[in-house]
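For the protein sequence lines, the chains are A and B, in the order given.
Going left to right, the first sequence walks through residues 3 to 416 as this note's numbering numbers them.
Going left to right, the second sequence walks through residues 3 to 416 as this note's numbering numbers them.
We put the CB at the ideal spot given by N, CA and C, even for glycine.
Note sheet for the following structure.
2 protein chains.
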Amino acid sequence: MLDPKRTIAELKELRALTADEHGAQRVAWTDTWLRAREWFAQKLSSLPVEHHLDAAGNRWVTLPGDSEKALVLGSHLDSVPNGGWLDGALGVMAGLEVMRRFAEQYGGRPPVTIRLVDFADEEGARFGRSLLGSSAVAGTDSIAADRVRKDKDGILLENALRRCGVEIDRFPEAQQERRNMAAYLELHIEQGPVLESLDLPLGVVLGTKGVERHAITFHGQEAHSGSTPMHQRHDALAAAAKLALEIRNIAGAHPDAVCTIGSVKTFPGIVTAVVGRCETTLDQRDLSAEVLARMWCEAKLAAERFAAEEKCSVEWSRIWSIEPLPFHPELVELCAKAVSETCGTAHRLPSGPLHDAAEIVRGGIPVVMMFVQSLRGISHNKIEDTREDHLELAVAALDRLADSTVEWILRNSQ
Amino acid sequence: MLDPKRTIAELKELRALTADEHGAQRVAWTDTWLRAREWFAQKLSSLPVEHHLDAAGNRWVTLPGDSEKALVLGSHLDSVPNGGWLDGALGVMAGLEVMRRFAEQYGGRPPVTIRLVDFADEEGARFGRSLLGSSAVAGTDSIAADRVRKDKDGILLENALRRCGVEIDRFPEAQQERRNMAAYLELHIEQGPVLESLDLPLGVVLGTKGVERHAITFHGQEAHSGSTPMHQRHDALAAAAKLALEIRNIAGAHPDAVCTIGSVKTFPGIVTAVVGRCETTLDQRDLSAEVLARMWCEAKLAAERFAAEEKCSVEWSRIWSIEPLPFHPELVELCAKAVSETCGTAHRLPSGPLHDAAEIVRGGIPVVMMFVQSLRGISHNKIEDTREDHLELAVAALDRLADSTVEWILRNSQ
């Protein structure tokens, strides 16, 4: 029988094992992370399952079923430094509980194969490369660029992986794990304030938003703050300030879109000088590729306009981008039904943060995610938390969704 | 006979002696500065003058006259690192040329005493304390706070001064130099673009603007840029951006006022986070104390309003302030006459930057300054420059002003 309270108890056990007074320390490819994974492997000993690490260091647990078609549940045990107790770990431990229920209910042989995956290095906290393990599974890895990444101590990514028994050149072999993967489900904390503001425990995730991330630099003219009349200035900060306000209008035209200027740097950056150069970063996200493209275009035009108004120039350079990755429409409906049956209301929302689920979409697998409320919307912080009754509802809803997804897989196999 | 070309030649001589490929290096209390001062002392050998260093390291050159009442000309030989060839040095060398003319014209005994001063450490480039020497003369020094200042190598100000023969505890003795000081005249480069934009070589300075300098910090809520809807943000950058634009309206209501946000720092300052804290600096200047007070009040109210609009809070802390220091109205008229007779038009303007002249005003002495055009308004930079014909006009106009000021002193002494 499903025991959501056990999931909470196990998450607390994991916290006691891998957190210090600053929060979770399960950074991928570190000893604390290895300890967490060893602890997890021990949890599997009483189950009729096979488990192994794939070529990218992802752990796969398999409960064979009558059909080779597999329902996969998963998330990641790794955390950021000083992280929370639920980010990632909730999805893995809730998946384990659902797998236990399948094993028990079907006498060890469910109608389809049930698999559980703990992806390696979702956070990218140490080497700045997130979704590392899941991208290997999806076949969207970037080995040449990633092998030479260094951590803050100068250790190469490829050497850190080798220490954990993973050879980066063998990453493509991890794609084998996609064979027979019929659906992927992931439960995760929201990491935002939407469900809390709606007073809902659970949400149905429509997909992960596409991201356009750019560095924007305004060039004006450094000048003495005392001797330069206002109308003779070329104030790079003024142009940047106009953009910082205008991006709110640009995002505001679309219900779920967000635009953020997260960093502003001023040069020379002293109290007695008009800003000659202002470096900013822009992050834009939406679930619609068309909206994303329009917002980027609008920001570019606005920046040009503000630069001209302030007698400055502006240059853009793309930091990173990813396309929107909508989840499978039929699985979204199944998730909505499971959430609705569990807590009455199925609110649908996109995910701003990326997740391993996004890479699995790119790998061509039907995917859906479920969110559980985050208190104060805070994550990547030791104060990250979720009410325990919400956690219990989340495990129960994931279990419901797993059942209906098994039926969906069987229907599709006929 | 006055020889303005000699002044230019001497300034070039000084440049050759004390500049490198990055500009002037006459930073106060350094060997290069001492070399500049030694060079200057040698220039005095053929004149019938007494000269000495006062207790604060200012050099005073005295050409005794029939009256003990003294006309003082002056400026400073010290520069910022990588500075220009004219900032400060022009006023000292032009003053020397005028002194030579007085000595020659009156056979060594002019009607009033003529003095020339090279103030020590106007720039404050090494220890962050500008107007050091002139404040000692004015009696507005701040010995306790200044003695413990350190340069970037950790050397104490009081030790750097001692190495040059100056004991900071004896600073108050420098006030003796104010005895019989009837007027102080200073020629300086504008360091701004106003005269160039008016196509005028010279300007009459009305006084130095008062300055209000504040650190303003907006506190919002750091949040994930992907998962936090626009309307649920507490974006500290947005509040700061509004203020950066509003200060232009605040300054714009007054013809000569300036307001500048020169530094913006964002925290955590990463591309994926809404800005939780934004630290800015505000510098406001005007020649009217009333306008300055009103602008500060308006900025404070605006910051409060923007903080509230963005669901943030704001805190202010004063970095520094100084009151406006208007020059002597009769000397301003004499300066206008001299400028007008030299180049046809006498444009009056306040000085945004501070000068030693401001401290001498605080010391209760009648003061006026004259500006000569700065090409592109640029100073504190090796490309600082002024047309040579403008430099010649400036020396000639200062000489005219010195003559009329001597008459004014004699009239006042009767």
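When Ala140/A, Cys299/A, Gly379/A and Gly76/A are compared against Gly366/A, the one with the closest alpha-carbon:
Ala140/A
Pull up the DSSP beta-bridge partners for Asp120/A, would you.
Arg61/A and Ser77/A
In this structure, what does DSSP give as the bridge partners for Val196/A?
Paired residues: none, contrary to the question.
Extent of the continuous beta strand (DSSP E) to which Trp31/B belongs:
Looking at the DSSP string, Trp31/B is not in any beta strand (DSSP E), and its letter there is neither H nor E.
For Asp185/B, which option in Ile116/B, Asp155/B and Ala238/B has the closest C-alpha, if you only look at C-alpha atoms?
The amino acid at residue 185/B is misidentified as Asp; the sequence shows Ala. Looking at the Cα atoms, Ile116/B is the closest of the given residues.
Contact set between Glu192/A and chain B, taken where Cβ atoms lie within less than 9 angstroms
Ser229
Report buried or exposed for Trp410/A, applying the criterion of at least 16 other Cβ atoms within 10 angstroms of its Cβ.
buried
Any C-beta of chain A within less than 7 angstroms: which residues of the stretch 262-288 of chain B qualify?
Thr262, Ile263, Gly264, Ser265, Val266, Thr268, Gly271, Ile272, Val273, Thr274, Ala275, Val276, Val277, Thr283, Asp285 and Arg287
How far does the beta strand (DSSP E) with Met101/A in it reach, from first residue to last?
First-last for Met101/A: Ala91 to Gln107, but that is the alpha helix (DSSP H), not the beta strand (DSSP E).
Compute the beta-carbon to beta-carbon distance between Met372/A and Ala359/A, rounded to the nearest angstrom, for a pair I have assumed lies under 8 angstroms.
So it is not a contact: roughly 10 angstroms between Cβ atoms.
When the Cα of Asp56/B is compared with those of Val276/B, Asp120/B and Ala127/B, which residue comes out closest?
Asp120/B
For Arg28/A, I'd like the list of residues in its chain whose CB is within less than 7 angstroms of its CB, leaving aside the five on either flank, ordered along the chain.
Thr20, Thr34, Trp35, Ala38, Leu79, Asp80 and Ser81
Could you tell me the boundaries of the alpha helix (DSSP H) in which Cys337/B lies?
Pro331 to Cys345
Should the stretch 95-111 of chain A be called in touch with the stretch 128-144 of chain A, which here means at least 3 C-beta pairs below 8 angstroms?
no
Contained beta strand (DSSP E) runs [length at least 3] in the stretch 232-315 of chain B, N- to C-terminal order
260-269 and 279-288
Using beta-carbon positions only, say whether Leu163/B and Arg350/B come within less than 8 angstroms of one another.
no
Close beta carbons around Glu361/A, own chain, < 8 angstroms, minus the five adjacent residues each side
Leu133, Ser136, Ser137, Val139, Ala140 and Thr142
Val139/B: first and last residue of the uninterrupted beta strand (DSSP E) it sits in
Here Val139/B belongs to no beta strand (DSSP E); instead the alpha helix (DSSP H) covers Leu134 to Ala140.
Quick one: Cα of Ala238/A to Cα of Asp237/B, how far?
21 angstroms
Answer yes or no: do Ala295/B and Leu245/B have a C-beta to C-beta separation smaller than 8 angstroms?
no
DSSP-derived helix/strand/coil call for Thr20/A:
helix
Secondary structure of Ile218/B, DSSP reduced to three states
strand
Check whether the Cβ atoms of Asp288/B and Pro326/B sit closer than 8 angstroms, and answer yes or no.
yes
Name the DSSP bridge partner or partners of Thr115/B?
Ala72/B
Assigned exposure category for Glu99/B - 16 Cβ within 10 Å defines buried:
buried
Kindly indicate if chain B contains any beta-carbon less than 8 angstroms away from that of Ser381/A.
yes
Can you give me the start and stop residues for the alpha helix (DSSP H) that Arg413/A sits inside?
Glu390 to Ser415
Exposed or buried, Val341/B, counting other C-beta atoms within 10 Å across all chains shown (16 or more means buried)?
buried
Can you give me the Cβ contacts of Glu175/A inside the same chain, cut-off strictly under 6 angstroms, excluding the 5 residues immediately before and after it?
Ala57
What is the DSSP secondary structure of Pro328/B, counted as helix, strand or coil?
strand
Report the neighbours of Ser199/A on chain D: residues whose CB is nearer than 7 angstroms to its CB, in chain order.
Checking the listed chains, one finds no chain D in this structure; the protein chains it contains are A and B.
Report, in whole angstroms, the separation of the C-beta atoms of Lys45/A and Glu394/A, which I expect to be a contact under 8 angstroms.
That pair is no contact at about 19 angstroms.
Among Asn251/A, Glu312/A, Leu200/A and Leu189/A, which has the Cα closest to the Cα of Met232/A?
Glu312/A
For His226/A, go through chain B and note every residue whose CB falls closer than 8 angstroms to its CB, in chain order.
Gln193, Gly194, Gly354, Pro355, Gly379, Ser381 and His382
On a Cα-Cα basis, can you pick out the residue from Ser144/B, Asp401/B and Asp387/B that is closest to Lys339/B?
Asp401/B
From Gln193/A to Ser229/B, what does the alpha carbon distance come to, in whole angstroms?
6 angstroms
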